Structures are given as structure tokens and as C-alpha cells.
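Encoded as C-alpha cells, the structure appears first; notes follow it.
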Amino acid sequence: MSDFSELLEHKLGDEPGDNQKRAKRKFPALAQQHGLKVYEPGQPLPSSGNLILIGVAAGFSVYDLSLLDEITASGDRSQLQDVAIFDASLFTSMEDFEKFIPGIIPVHHTPVVGVWENGKLIAKLKGPDARVFLRRHFSTVG
Amino acid sequence: VGDFRTFANLRALQIKALVAALRWLFVTSSLVAGSVNSPTFASALRFTRVTSLTPKGRVIVNLGGEGEVAGVINQNLKVILDDGFVVSRGTGESLADLQKAGHTFVVSQNEFLPFASNSVDEVITNGVPLAQKGEGFLGPGIQPSEVQRILQSGGKWIDNGKTIYIKP
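As C-alpha cells, then:
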């Protein structure tokens, strides 16, 4: 199974941008291989239990993809059952974020994170704050 | 006649020095405050040849994205002027913090980079979208055509640490 960060690798003969198009195309299948659910807007959210929805820029942010590598490589894989993911690099406007995490805009940096508890959105984070939260939650740092 | 020529040469030198100094100031610092957001303004700037900032006399430009590159000209979108925009990926520093630390920023649209054609030795991009109009949540991303325009012959485009283009 490939690492997420490999999605943006340049291949011989690539034109600038070819790697980004390839990453967008391959991201959903790779996420599923790693046990992450890919969330589409309009899909029902669980009314009980927890959900952590993570939005990354899979099409261009090697930083976000490396973070996913850290998360999926971290110890307790059962934590990933409560995680869903989406690719913000497919968005065409800032408002697209609202379809996934209401109240999150403006977004300057990815990743973005929404945390639901028993169907209620209890936290929304973006950029550096989201990275810190994810690393702590998945214990990728001491 | 000799005195007049000396005077004229001196004046010409003074004017040249003044123009060079103004250009340097304009390109390297005041753009952040002024914000280049109109195509007309940015187009006019295309003809500005950037005075080198690197010790070895090379012009290196880091385009867009989150995170600054030390010792080069960091270009970004107007959005970096927004309150709360964290520019530095590594340290979480704001634009003001980074300027205070001596980093150089230029604000412009990605479709109209404010650098003269064939004037840049190296372009760096780290984690930035190469998006066209109508794509991308922050608007158009880096345009390969603009990178190719500003690079001089033999100039390199380094994306995420890898050379992906060398201008013929």
C-alpha cells in the first residue's frame, strides 16, 4: 500500500501539474485502502458516537498528505473507525467548505477538522490548530 | 565643456542610483502594504527587473503557499494580509513577525506575477495548487505559463524539492 505523500511525486515525463491531477484522481481509493471513509456532502452524519471529519488538500499539499501518513501509521487503528475524510483541493470556492463543516470559513490553510459528538458539531479547527489537534488526538507526537 | 560633461555624467549616475533604489524598495517591501491586486498594476510591474537579493547575485522567488523561504522573494496572494493569516508553517508566525525577521514578501495575483520576463534564476513552489480560473478555493493557483515567462534561460522550477522544469 502506498503512502499518501507518494501521491504527489513527480514521474518522468510529467508536465508541471500532472502529479496534482493524478493525486486528486487516486486519493479516494488510497484513503479507503488505509481504512478511511471518504465523505461526500449530504451523506448522513452518525446521530450517536463520535466523528472526526478531516479535509485535506490532497491535490497539492504534500504537508497534508504527510500528516495523513502520520495518522494512519500511528498506533491505535481502531481510532480510524470514527474518521472520515474529504479532498478540499477539488473545491472551486471557499463556500464549498460549508457543505462539509458548517461555520468553518474563512479557510486560509488546510487541513480542516470538524468534530461531531452524538450528531452535534462540537469543534471546528483549521490550519495550524487542526494539525496540532490531529497530532495530539492520534498520538503522533509525544 | 569638460566641467559640463562631468556634471551631466554625475547627474545621470545619481538618477540611475535613485531609480535602482526606488525599484528595489518597490519590489521588495512596499508591495505588501500596497497590495498588487489589479491586472493593470501587476502588468506594469512585469517590466520591473528585480534587483537580486541573494548573496550570490541570484534572483530566487518562492511562489505562494504556506511557509516562507529565507533569503528569497516570497510571493503570495492578497489573502496573506488578512488578520489572523498565519504565514509561517513551521513556527506559526504572522506576516508582520516574518517581515520583522527580515523576510521579503510580494503580494500579487498568481496570473500576473510582478517580475520581468526572463529575470528570475529559480522559482520555488511548496505545496501550492497549479489551478486555473474557476478552480481552487483561494482562486487561481500558480500558472505554469507565468513561471516559464519569468524564468531566465537555464532557470529552474523546483516543486516540493524536486526540479520539474528547466527553461531552455
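Protein chains in written order, with the working numbering: chain A, 325 to 466; chain B, 1005 to 1172.
We put the CB at the ideal spot given by N, CA and C, even for glycine.
For clarity, every value in this text was computed on a predicted model and none was experimentally measured.
About 6 Å separates the beta carbon of ASN1080(B) from that of PHE1109(B), a gap short enough to meet the 8 Å contact definition. Per the coordinates, the alpha-carbon of ALA381(A) lies some 13 Å from the alpha-carbon of ALA355(A). Close to chain A, meaning a Cβ-Cβ distance shorter than 8 Å, is no residue of the region 1104-1122 of chain B at all. Contact between VAL1132(B) and GLY1069(B) holds: their C-beta atoms lie close to 4 Å from each other, under 8 Å. For GLU1070(B), the closest Cβ of chain A is nearer than 7 Å.
DSSP places VAL380(A) inside the beta strand (DSSP E), whose first and last residues are 374-380. Counting along the chain, the unbroken beta strand (DSSP E) around ILE446(A) starts and ends at 444-450. Under DSSP, no beta-bridge partner is assigned to GLN1147(B).
With distances taken between CA atoms, SER1112(B) lies nearest to ASN1078(B) out of PHE1089(B), GLN1152(B), ASN1078(B) and ASP1101(B). With fewer than 16 other CB atoms across the displayed protein chains lying within 10 angstroms of its CB, GLU330(A) is exposed.
Among the bridge pairs identified by DSSP, LYS361(A) is matched with ALA408(A). Within chain B, not a single residue places a beta-carbon under 9 Å from that of VAL380(A); the smallest gap is close to 11 Å. Secondary structure note for ILE395(A): it is in no beta strand (DSSP E), and the uninterrupted alpha helix (DSSP H) holding it is 386-397. If you draw a straight line from the Cα of LEU449(A) to the Cα of ASN1114(B), it comes to about 27 Å. Interface with chain A (7 Å Cβ-Cβ cutoff): GLU1126(B) is excluded. ALA412, SER413, PHE415, THR416, SER417, MET418, ASP420 and PHE421: these are the residues of the region 404-422 of chain A whose beta carbon lies less than 8 Å from some beta carbon of chain B, given in chain order. Interface criterion met: the Cβ of LEU1134(B) is under 7 Å from a Cβ in chain A. Under the Cβ criterion of 7 Å, VAL386(A) is counted among the residues facing chain B. Under the three-state reduction of DSSP output, VAL437(A) falls in the strand class.
The CB of GLY1131(B) comes closer than 7 Å to the CB of PHE384, SER385, VAL386 and TYR387 in chain A, given here in chain order. When only Cα atoms are considered, GLY1106(B) and LEU1099(B) end up about 11 Å apart. A Cβ-Cβ distance of about 14 Å is found for the pair ILE1154(B) and PRO340(A), leaving them out of contact under the 8 Å criterion.
In the DSSP assignment, ASP1101(B) falls outside any beta strand (DSSP E) and within the unbroken alpha helix (DSSP H) covering 1099-1104. Bounds of the beta strand (DSSP E) holding PHE1109(B) are 1108-1111.
By the neighbour-count criterion, in which 16 or more other beta carbons inside 10 Å mark a residue as buried, LEU392(A) falls on the buried side.
Note that the C-beta distance between SER385(A) and THR434(A) is below 7 Å. Interface annotation for the region 1148-1168 of chain B against chain A: PRO1148, VAL1151, TRP1161, ASP1163, ASN1164, LYS1166 and ILE1168, criterion Cβ-Cβ distance under 8 Å. When DSSP states are grouped into helix, strand and coil, SER326(A) belongs to the coil group.
At a cut-off of 7 Å between C-beta atoms, GLU1097(B) does not count as an interface residue with respect to chain A. Taking a C-beta cut-off of 8 Å against chain B, the contacting residues of the region 427-446 of chain A are PRO430, VAL431, HIS432 and HIS433, listed in chain order.
The beta-carbon of GLN344(A) is placed less than 7 Å from the nearest beta-carbon of chain B. In the structure shown, ASN1080(B) falls within a strand segment according to DSSP collapsed to helix, strand and coil.
Minimum Cα-Cα distance from VAL436(A) among the listed residues GLY443(A), ASN442(A) and MET418(A) corresponds to MET418(A).
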